[in-house]
Structures are given as C-alpha cells and as structure tokens.
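Residue 49 is where the sequence shown starts when you use the working numbering, and the numbers rise one by one after that. No residue lacks a Cβ here, since even glycine has one placed at the ideal position from N, Cα and C. As the structure is a prediction and not an experimental result, all values here were calculated from the model. Structure, as structure tokens:
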Amino acid sequence: GVNPVELGQGFLRVSDASADELQAAYSVADVFLFPSLYEGFGWPPLEAQACGRPGVAFGRGGAVDTIVADETGLLVDEPSADAFADGIRRALGWRFDSSRIRRHAERFSRSRFGDHIEALVSETWRAHSGMAARDIDPW
C-alpha cells in the first residue's frame with residue numbers, strides 16, 4: 049500500500065505505492081517535483097503528466113526528454129534546494145494547461161512507441177534491402 053510521508057507545507061513524498069495509488073496521488077498534486085540528477089529517462093514526470101500535472105525538474109538528464117519547459121513543467125538550472133524551491137514557486141504561479149500536458153504524455157504511450165519503432169525498423173530494412181520488413185517470412 050501507499051506509504052505517504054508528510055513533508056510539511058503541503059508537500060508529500062509517496063513510496064511503495066501501486067499504480068492506482070500513484071495515479072491518485074498525481075491527480076491531486078499541484079506540481080510534481082523530480083529532483084533526480086541522473087535519471088536516464090524521465091518516466092516519473094511522464095506519469096504525472098498523464099494525470100495533467102506539471103513537473104519541476106533539474107534541466108539535465110532524462111527530464112529534458114519528457115518535460116517541455118514552460119509547457120509541461122519547468123526545468124531548473126542548478127541542483128540546489130533554492131533552485132528547486134524557486135521552481136516550485138514559479139510552477140505554482142504558472143497557468144499550465146492540463147489537457148495539453150496530458151496530450152504531451154500520450155506521445156510516449158506504449159502503442160505509439162511500438163508503432164514508431166516498427167516504422168523505423170521497416171524504413172531501415174526497406175532502405176537496405178529494397179523491400180518492407182513485413183514482406184519477409186522469418187520462418
């Protein structure tokens with residue numbers, strides 16, 4: 049089950065949560081804070097964006113792949129508590145469009161990703177072999 053830890057002044061850290069519990073937490077959040085410095089890809093901000101919530105993250109690493117600055121969240125320039133606090137204040141005063149944020153997250157859906165990979169493989173195969181990958185019987 050969910051293990052929320054109240055951090056004071058309306059901040060909540062959630063750990064050991066199921067997908068449904070995370071979705072519920074994201075859905076009531078005003079802003080999702082993602083202070084990771086080394087995340088390879090920004091999945092957690094996308095989860096929050098799927099619920100229409102903007103993220104505040106360090107402007108390096110995986111977050112820059114998933115947060116569109118000033119549209120789906122804000123990126124901070126330095127990995128400091130002051131920079132993140134300023135980012136949160138700015139995000140709370142910003143007028144983000146939750147529908148636009150959700151649409152951005154949908155660009156990373158499994159079905160869209162699968163379709164994109166299939167198209168890339170087929171295009172590459174066609175460029176090198178002259179035929180579509182679907183025309184080949186691998187067995």
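Own chain, CB closer than 8 Å to residue i, minus 5 neighbours either side, in chain order
i	result
G109	S84, L85, Y86, E87, G88, G90
R158	none
Y74	F80, E95, A96, A98, C99, R101
D113	F89, G90
Assigned secondary structure, residue i (DSSP; H/G/I helix, E/B strand, else coil)
i	result
F132	helix
V79	coil
L60	strand
V169	helix
F161	helix
L123	strand
Option nearest residue i by Cα separation, candidates the options
i	options	result
L81	R143, D113, A129	A129
D145	I136, P102, R155, D134	P102
G135	S75, P93, V104	V104
A133	F106, S170, R155, S177	F106
Other residues of its chain near residue i: CB distance less than 7 Å, five sequence neighbours each side excluded
i	result
A131	V124, D125
Q71	C99
A153	L94, Q97, A98
R138	L122
Exposure label - residue i; buried when at least 16 CB within 10 Å
i	result
G141	exposed
G58	exposed
A77	buried
T172	exposed
L92	The sequence given here places Pro at residue 92; Leu does not occur at that position. So P92 ends up on the buried side.
A67	exposed
A167	exposed
Cβ neighbours of residue i in the same chain (closer than 6 Å, five flanking residues each side left out)
i	result
A175	none
### Query
Taking one C-beta from the stretch 114-128 and one from the stretch 160-172 each time, how about it: are there three or more such pairs within less than 8 Å?
No, they do not touch.
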